[in-house]
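First to last, the protein sequences are chains A and B.
Our numbering applies: residue 59 is where the first sequence begins, and numbers increase by one.
Our numbering applies: residue 59 is where the second sequence begins, and numbers increase by one.
Virtual Cβ for every residue (Gly too), placed ideally from N, Cα, C.
Below is one structure; the comments refer to it alone.
Number of protein chains: 2
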Amino acid sequence: MTENESTLLQEHITRHHLKITNEREMVLRAFMEAERHVTAEELHDGMKRKGLAIGLATVYRTLNLFCQCGLAERRQFGDHHTRYELTYNVTHHDHLICTQCHQIIEFENLDIERLQEEVARRHQFTIYHHKLELYGLCVACNQKNAREKPDEPMGG
Amino acid sequence: MTENESTLLQEHITRHHLKITNEREMVLRAFMEAERHVTAEELHDGMKRKGLAIGLATVYRTLNLFCQCGLAERRQFGDHHTRYELTYNVTHHDHLICTQCHQIIEFENLDIERLQEEVARRHQFTIYHHKLELYGLCVACNQKNAREKPDEPMGG
DNA sequence: ATGACTGCAAACCTTTTGCATAGCG
DNA sequence: CGCTATGCAAAAGGTTTGCAGTCAT
């Protein structure tokens, strides 16, 4: 099943008279192995750490190519980095983002989606996509904070 | 009731040993009169167009001050601009964003909020804030498109 | 052989910062 | 007066682009 991403990319490349290169294959492999929601720089660093020689600009260009062919999508959470997420053959989901350890948890909730459609209908609006992000603290960070500053329940 | 924003700002200023300046009052007035979800540059342009002399850096610094005292919040929709929104004395709401005319419609839905809390609970996550953005076409753009290209119902 | 791809460095664009001057408290 | 604010221009930080050389087809 890992063939699918590669196939999609190759079809796009052929259709647009582009070329399959070593670099593009390298980035695709690294992208699929990397954590979801990587930045271009993280991916680039990871590749270099594995001894793969590639320029940062090429990583950016390749990730943007992935977005054009529907393999990936760009996300922007709080910080000023653009993150890329593999979305091909992946069902839609939303995100819980820990503002302390930056862990990202994915979830899906059809009831929420239904209510969103209802809101849209009420405003005669046609939804093409949406973004639901819940920011806060994960269990681990919550417990860690309780341990470290037990007498500051409400902050200063 | 328009006094409240000014009062909040003044309290913050006094508490932090800052100073009330002409520039800060100008920006506050312009900010309250401006469209919600302005960028710093839009606000700056608008002020200059009214003959108010102020530097862009000061506008940025002042909007950031507003965020610190709870008067405003930063938002980042699709583009790479930071938008500032007056949030003092405004109940929480989410956004419908027309990707064609860039109109922004605000809405609130307590059922969705409740479901969000449920999701968080299930993941033992504590939500501090969230962001729900529905992207698509508003009625006007939808109708306009239907009129202009009636024989392209599914696109190419 | 043509035309796309790569790496590098420079350019870009929005936002922030350093510095000298102006002005609130 | 001391200390904060301002304006300008320069810096910063992430992303894109121009160019000369390389490589896929």
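Short CB-CB distance (under 8 angstroms) between residue i and chain A
i               : result
G213 of chain B : With a pLDDT of 40 at G213 of chain B, under the threshold of 50, the modelled position of that residue is not reliable, and the figure given next carries that caveat. So, not an interface residue.
Y193 of chain B : yes
D103 of chain B : no
K189 of chain B : yes
H75 of chain B  : no
Q134 of chain B : yes
N167 of chain B : yes
L129 of chain B : no
A178 of chain B : yes
Any C-beta of chain B under 8 angstroms from that of residue i
i               : result
C196 of chain A : yes
T157 of chain A : yes
K202 of chain A : no
T184 of chain A : yes
L173 of chain A : yes
H181 of chain A : yes
Per-residue DSSP class, three states only, for residue i
i               : result
E206 of chain A : helix
Y142 of chain A : strand
M59 of chain B  : In this prediction, M59 of chain B has a pLDDT of 47, which is less than 50 and means its spatial position is unreliable; what the coordinates show is noted afterwards. The answer is coil: DSSP assigns M59 of chain B none of H, G, I, E or B.
A115 of chain A : helix
H75 of chain A  : coil
C159 of chain A : coil
T97 of chain A  : strand
L110 of chain B : coil
T149 of chain B : coil
G213 of chain B : For G213 of chain B, the pLDDT reaches just 40, beneath the cut-off of 50, and the residue's location in the model is therefore unreliable, leaving the point undetermined.
H70 of chain A  : helix
G104 of chain B : helix
A88 of chain A  : helix
L121 of chain B : helix
E171 of chain B : helix
E166 of chain B : coil
Whole-angstrom C-beta distance between residue j and residue i, which should lie under 8 angstroms
i               : j               : result
T157 of chain B : L195 of chain B : 7 angstroms
E131 of chain A : D152 of chain A : Contact flag wrong, Cβ pair sits at about 13 angstroms.
Y193 of chain A : I155 of chain A : 5 angstroms
T79 of chain A  : N200 of chain B : With 8 angstroms as the limit, T79 of chain A and N200 of chain B do not qualify as a contact, their Cβ atoms being about 41 angstroms apart.
R133 of chain B : H95 of chain B  : 6 angstroms
V117 of chain A : A92 of chain A  : No, V117 of chain A and A92 of chain A are not in contact; Cβ-Cβ is about 11 angstroms, not under 8 angstroms.
M90 of chain A  : E69 of chain A  : With 8 angstroms as the limit, M90 of chain A and E69 of chain A do not qualify as a contact, their Cβ atoms being about 17 angstroms apart.
Is there contact between the segment 156-172 of chain A and the segment 173-184 of chain B, where contact requires at least three CB pairs shorter than 8 angstroms? The segment 156-172 of chain A makes contact with the segment 173-184 of chain B; the number of CB pairs closer than 8 angstroms reaches 3 or more.
Are the segment 140-158 of chain A and the segment 176-186 of chain A touching, with three or more C-beta to C-beta distances below 8 angstroms? Result no; under three Cβ-Cβ pairs closer than 8 angstroms.
Is the segment 70-87 of chain B close to the segment 108-126 of chain B, with three or more CB pairs under 8 angstroms? The answer is yes - the segment 108-126 of chain B touches the segment 70-87 of chain B, with three or more Cβ pairs under 8 angstroms.
Does the contact criterion of 3 or more C-beta pairs under 8 angstroms hold for the segment 148-168 of chain B versus the segment 98-107 of chain B? Cβ pair count under 8 angstroms is below three, so no.
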